[in-house]
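Taking it in order: structure first as structure tokens, then the write-up.
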Amino acid sequence: MTQSDGDKTPLQAGLYLVATPIGNLKDVSPRALEILSTCDLIACEDTRTSAKLLNHYDLHKPLVSYHDHNEIQQAQVLADKIQSGQAVALISDAGTPTISDPGFRIVRECQKRQLHVSPIPGPSAVLAALSASGLPSDSFTYTGFLPAKSAARKRFFEDIKNAPRTHVLFESNHRILKFLDDFLEVLGSNRVLCVARELTKMHETIFSGPAGQIVEQVKSRSQKGEFVVVIAPADFEL
Ligand code: SAM
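Numbering (the working numbering), first residue to last: 6 to 243.
Next comes the structure, spelled out in structure tokens:
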């Protein structure tokens with residue numbers, strides 16, 4: 006146990022994987038705020054990005070950076086701190102840590118040392134998009150980001166041509182139109198997909214339907230912001 010912040014309940018030493026909003030700051034859970042206000046230390050990808058959330062909720066804990074480029078070394082440093090009795094909260098820039106974000110190495114290290122690890126669930130762009138897609142969600146594959154090169158992307162589309170389950174993936178705003186062109190070329194205009202942009206934010210748009218129609222809708226709007234794409238199983242019909 007580690008005693009923190011005066012009258013607040015002490016938090017068990019360990020690693021807390023705290024999900025944070027993917028846009029709307031009100032989406033943070035009461036439990037996430039409790040952990041962030043009682044932990045000893047917050048590890049985050051980018052201290053400036055996380056400051057927006059932490060300042061908004063008046064949370065002022067020591068911050069350390071934990072990102073793709075220092076993850077191997079920081080996993081050891083943070084595990085040492087936990088082993089010495091501290092409670093460490095890990096957050097990413099947005100959403101759930103470790104999901105296409107840094108984190109699995111510190112989780113592995115804690116498991117190796119038999120230290121306490123606890124998820125504090127909340128927002129994730131993956132499930133937010135899937136839940137609003139209107140596509141089958143009883144079985145799905147999450148693919149993260151696709152390769153940037155068109156040839157590799159087309160190979161992925163070939164692979165899922167006859168897929169029996171839904172696929173969820175991330176695409177950058179710079180590539181979304183090229184992605185959709187390749188999609189049409191390989192999977193055709195009748196394959197059903199959902200393009201979810203800027204979820205929980207002011208310009209949230211969710212288009213779902215046959216690809217031919219969706220591509221036109223996406224092209225007719227701004228492509229700024231963040232995107233999740235959900236692709237229906239091959240035999241799915243509207
Ligand atoms: N760990 C995060 C999560 O659980 O949501 C995902 C991190 S990944 C590095 C970031 C990608 O998630 C973005 O490039 C975008 O594809 C997607 N994303 C994040 N926030 C989003 C939002 N508000 N609307 C749509 N997509 C979003």
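Backbone N, C-alpha and C fix where the C-beta goes; we use that ideal spot for every residue, glycine too.
Quick check: does the Cβ of residue i come within less than 8 Å of any heavy atom belonging to the ligand SAM?
| i | result |
| --- | --- |
| T52 | no |
| F175 | yes |
| V131 | yes |
| P141 | no |
| E190 | no |
| A99 | yes |
| E76 | no |
DSSP three-state label for residue i, please.
| i | result |
| --- | --- |
| E39 | helix |
| E231 | coil |
| Q8 | The predicted position of Q8 is uncertain, since its pLDDT is 44 and thus under 50; no value can be drawn from it. |
| F150 | strand |
Would you give the residue range spanned by the beta strand (DSSP E) that residue i belongs to?
| i | result |
| --- | --- |
| T210 | 210-215 |
| S70 | 68-70 |
| S123 | 122-125 |
| E203 | First-last for E203: undefined, no H or E at that position. |
Quick check on the burial criterion: 16 or more other C-beta atoms within 10 angstroms. Buried or exposed for residue i?
| i | result |
| --- | --- |
| A37 | buried |
| I47 | buried |
| F188 | buried |
Taking 7 Å as the limit between beta carbons, can you name the residues of its chain near residue i, skipping five residues before and five after?
| i | result |
| --- | --- |
| F161 | L151 |
| A99 | T25, P26, I27 |
In its own chain, which residues sit with a C-beta less than 6 Å from the C-beta of residue i, not counting the 5 before and 5 after it?
| i | result |
| --- | --- |
| S144 | R170 |
Considering just the uninterrupted stretch of the alpha helix (DSSP H) at residue i, what are its terminal residues?
| i | result |
| --- | --- |
| H61 | 52-61 |
| C115 | 109-117 |
| I87 | 76-88 |
| I96 | Taken as a continuous stretch (DSSP letters only), I96 belongs to no alpha helix (DSSP H), being part of the beta strand (DSSP E) at 92-96. |
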